[in-house]
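As structure tokens, the structure follows; a few thoughts come after it.
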Amino acid sequence: DQQVKQNSPSLSVQEGRISILNCDYTNSMFDYFLWYKKYPAEGPTFLISISSIKDKNEDGRFTVFLNKSAKHLSLHIVPSQPGDSAVYFCAASATGNTPLVFGKGTRLSVIA
Amino acid sequence: DAMVIQNPRYQVTQFGKPVTLSCSQTLNHNVMYWYQQKSSQAPKLLFHYYDKDFNNEADTPDNFQSRRPNTSFCFLDIRSPGLGDAAMYLCATPSEGGGASILRGYTFGSGTRLTVV
Numbered sequence: 001d002q003q004v005k006q007n008s009p010s011l012s013v014q015e016g017r018i019s020i021l022n023c024d025y026t027n028s029m030f031d032y033f034l035w036y037k038k039y040p041a042e043g044p045t046f047l048i049s050i051s052s053i054k055d056k057n058e059d060g061r062f063t064v065f066l067n068k069s070a071k072h073l074s075l076h077i078v079p080s081q082p083g084d085s086a087v088y089f090c091a092a093s094a095t096g097n098t099p100l101v102f103g104k105g106t107r108l109s110v111i112a
Numbered sequence: 001d002a003m004v005i006q007n008p009r010y011q012v013t014q015f016g017k018p019v020t021l022s023c024s025q026t027l028n029h030n031v032m033y034w035y036q037q038k039s040s041q042a043p044k045l046l047f048h049y050y051d052k053d054f055n056n057e058a059d060t061p062d063n064f065q066s067r068r069p070n071t072s073f074c075f076l077d078i079r080s081p082g083l084g085d086a087a088m089y090l091c092a093t094p095s096e097g098g099g100a101s102i103l104r105g106y107t108f109g110s111g112t113r114l115t116v117v
């Protein structure tokens with residue numbers, strides 16, 4: 001039973017526009033949420049994170065929003081660039097010491 | 001920052017022939033993870049170590065074993081690979097210490113793509 005769900009397998013966005021990637025979770029014990037980016041034939045690379053005491057965290061073009069009551073988080077990329085084309089994974093952990101649980105990923109294609 | 005190195009990048013093995021994948025990390029972190037990722041699926045945790053304390057996920061098949069001879073190295077042994085074991089195998093370590101530093105994420109290796117023929 002999937003605890004972290006990314007219901008959109010793929011997303012296409014034009015260069016310069018906003019990309020919004022969504023993630024839902026079922027485990028109310030999750031307190032830490034992370035986004036990873038993965039290129040083909042490489043391991044996932046950490047992108048941005050948020051803890052449950054916040055509802056927003058921003059790092060350059062990347063912003064993560066957390067809605068705890070809805071058990072939903074989203075990653076916004078603005079403006080989107082062709083180099084952002086990759087698979088994006090949402091991950092969550094209940095405590096700092098429990099392993100991350102991942103979603104299935106969303107493949108983002110940014111079209112020039 | 002931690003570096004995680006996995007060898008080989010690509011591994012082809014015969015059905016039923018034992019295979020070993022290796023991982024090393026440069027920070028001597030006490031925690032290491034092995035994940036399995038099949039195409040279009042979520043990375044799935046197989047094992048993790050806190051120091052020498054080995055934690056096997058409940059649904060990890062017995063066919064999969066792991067060894068950690070020292071802090072820096074970790075091995076994944078697949079005793080009798082089946083076609084269903086073809087996947088990307090990812091090794092990871094926390095980028096910083098425990099607790100809320102999980103917000104800095106894990107550092108993953110480049111992975112080993114296993115093909116079973």
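These protein sequences, in sequence, are chains P and C.
Last residue of the first sequence: number 112 in the working numbering, and the count goes up by one each step with no gaps.
Last residue of the second sequence: number 117 in the working numbering, and the count goes up by one each step with no gaps.
Ideal placement from N, C-alpha and C gives every residue a C-beta, glycine not left out.
is_contact[residue i, chain C] using C-beta, thresh 9 Å
i	result
N27(P)	no
P79(P)	no
L114(P)	For chain P, the structure presents residues 1 to 112; residue 114(P) sits outside this window and is missing.
G96(P)	yes
L100(P)	yes
S12(P)	no
F30(P)	no
A86(P)	no
S93(P)	yes
P82(P)	no
K104(P)	yes
A112(P)	no
A41(P)	yes
Cβ of residue i within 9 Å of any chain P Cβ
i	result
H29(C)	no
L103(C)	yes
L90(C)	yes
T125(C)	Any answer about residue 125(C) is impossible in this case: the structure gives chain C only from 1 up to 117.
F108(C)	yes
G111(C)	yes
R9(C)	yes
V4(C)	yes
S66(C)	no
S22(C)	no
Residue i vs residue j beta-carbon contact at 9 Å
i	j	result
L75(P)	S19(P)	yes
V110(P)	S85(P)	yes
G111(C)	Q37(C)	yes
V4(C)	T93(C)	yes
K113(P)	Q2(P)	Residue 113(P) lies beyond the range of chain P shown here (1 to 112); nothing can be said about it.
R61(P)	P44(P)	no
N28(C)	S72(C)	yes
L76(C)	S22(C)	yes
K56(P)	F89(P)	no
V4(P)	A91(P)	yes
D85(C)	L103(C)	no
F159(P)	S95(C)	Residue 159(P) lies beyond the range of chain P shown here (1 to 112); nothing can be said about it.
R79(C)	A41(P)	no
Y25(P)	V87(P)	no
F64(C)	C91(C)	no
L113(P)	L108(P)	Given that chain P is displayed from residue 1 to residue 112, the structure contains no residue 113(P) and the question cannot be resolved.
K17(C)	P81(C)	yes
Where the beta strand (DSSP E) through residue i begins and ends
i	result
E73(C)	For the sequence presented, residue 73(C) should be read as Phe rather than Glu. 73-78 is the span of the beta strand (DSSP E), which, as asked, contains F73(C).
E57(C)	Neither: E57(C) is in no beta strand (DSSP E) and is coded neither H nor E.
A70(P)	Per DSSP, A70(P) belongs to no beta strand (DSSP E) and is neither H nor E.
K37(P)	32-38
M32(C)	31-37
A86(P)	86-93
T93(C)	87-94
Exercise for review: Determine which residues of the stretch 24-51 of chain C have a Cβ less than 7 Å from any Cβ of chain P, and write them out in chain order.
Suggested key: Y33, S40, Q41, A42, P43, L45, H48
Sufficient close CB pairs (3 or more, under 8 Å) joining the stretch 16-34 of chain C to the stretch 44-60 of chain C: yes
Residues in the stretch 43-65 of chain P with C-beta within 7 Å of chain C's C-beta atoms, listed in sequence order?
G43, P44, F46, S49, S51
Practice problem: Closer than 8 Å, Cβ to Cβ, to anything on chain P: give me those residues from the stretch 69-86 of chain C, in chain order. | Solution: none
**Q.** Sufficient close CB pairs (3 or more, under 8 Å) joining the stretch 26-35 of chain P to the stretch 48-62 of chain P
**A.** yes
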